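Numbering (this note's numbering), first residue to last: 2 to 184. Down below is the structure, laid out as structure tokens.
Have a look at this one:
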């Protein structure tokens, strides 16, 4: 007999949180599975904080920047390193952002590159997240996923330090890749 893995709904996950079952656990729900999150190293933390502050300045008054906070998808409740979501901020008093609230998701990948460019990528594509960026710390590049179709991203672009990019939702904002790593 093959072992069967129990999967949880977002509602089940919320009930576990409310009951205190996951207190002191650094976890997220991905495709019905409760997964331990990797601890952040200093470089990961530095890049994440710096990039979030940078986006806060650039999107002040037009978007809200969240750091390592949940978003609610159909069978997942991941905590992306950065989520740029629609205003007003008060929308999220009663629920976490849904896919239609999300302008851009960013994961900072130091030791989690494979997971962020496979499992998380597929989870975000299935939720129709239009713009997903992975900051590849080790290779000093930015990986951009766009145009989700049938649960898969149609476009993948890898940008080097000398490149520039604009978030789909904010085409007037030019982000210099080098500044992500060297601010």
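We treat Cβ as the ideally placed atom computed from N, Cα and C, and that holds for glycine. Only a predicted model underlies this, so the values are computations on that prediction, with no experimental measurement involved.
Runs of 4 residues minimum, wholly inside the stretch 20 to 78: which ones carry the alpha helix (DSSP H) assignment? Every alpha helix (DSSP H) of 4 residues or more that sits fully in the stretch 20 to 78 is shown, in chain order, as 43 to 60.
Using the C-alpha atoms, what's the distance from residue 99 back to residue 124? Numbered from its first residue, the chain shown carries residue 124 at position 123. Numbered from its first residue, the chain shown carries residue 99 at position 98. Between residue 124 and residue 99, the C-alpha separation is close to 13 Å.
Once DSSP output is grouped into helix, strand and coil, what is the label at residue 7? Taking the chain shown and counting its residues from 1, one reaches residue 7 at position 6. Note: residue 7 maps to coil in three-state DSSP.
Are residue 82 and residue 63 touching if we call contact CB-CB under 8 Å? Within the chain shown, residue 82 is the residue found at index 81, counting from 1. Within the chain shown, residue 63 is the residue found at index 62, counting from 1. Against a cut-off of 8 Å, the Cβ pair of residue 63 and residue 82 comes out as no contact.
For a quick check, are the C-beta atoms of residue 72 and residue 84 less than 8 Å apart? If you number the chain shown from 1, residue 72 lands on position 71. If you number the chain shown from 1, residue 84 lands on position 83. Yes, they are a contact pair.
Reference residue 40, options 8, 2, 102 and 111, closest by Cα: Start at 1 with the first residue of the chain shown, and residue 40 comes out as number 39. Measuring from the Cα of residue 40, the nearest candidate turns out to be 111.
Rounded separation between residue 128 and residue 173 - CA only: What you label residue 128 is simply residue 127 of the chain shown in a count that begins at 1. What you label residue 173 is simply residue 172 of the chain shown in a count that begins at 1. Cα-Cα distance, rounded: 25 Å.
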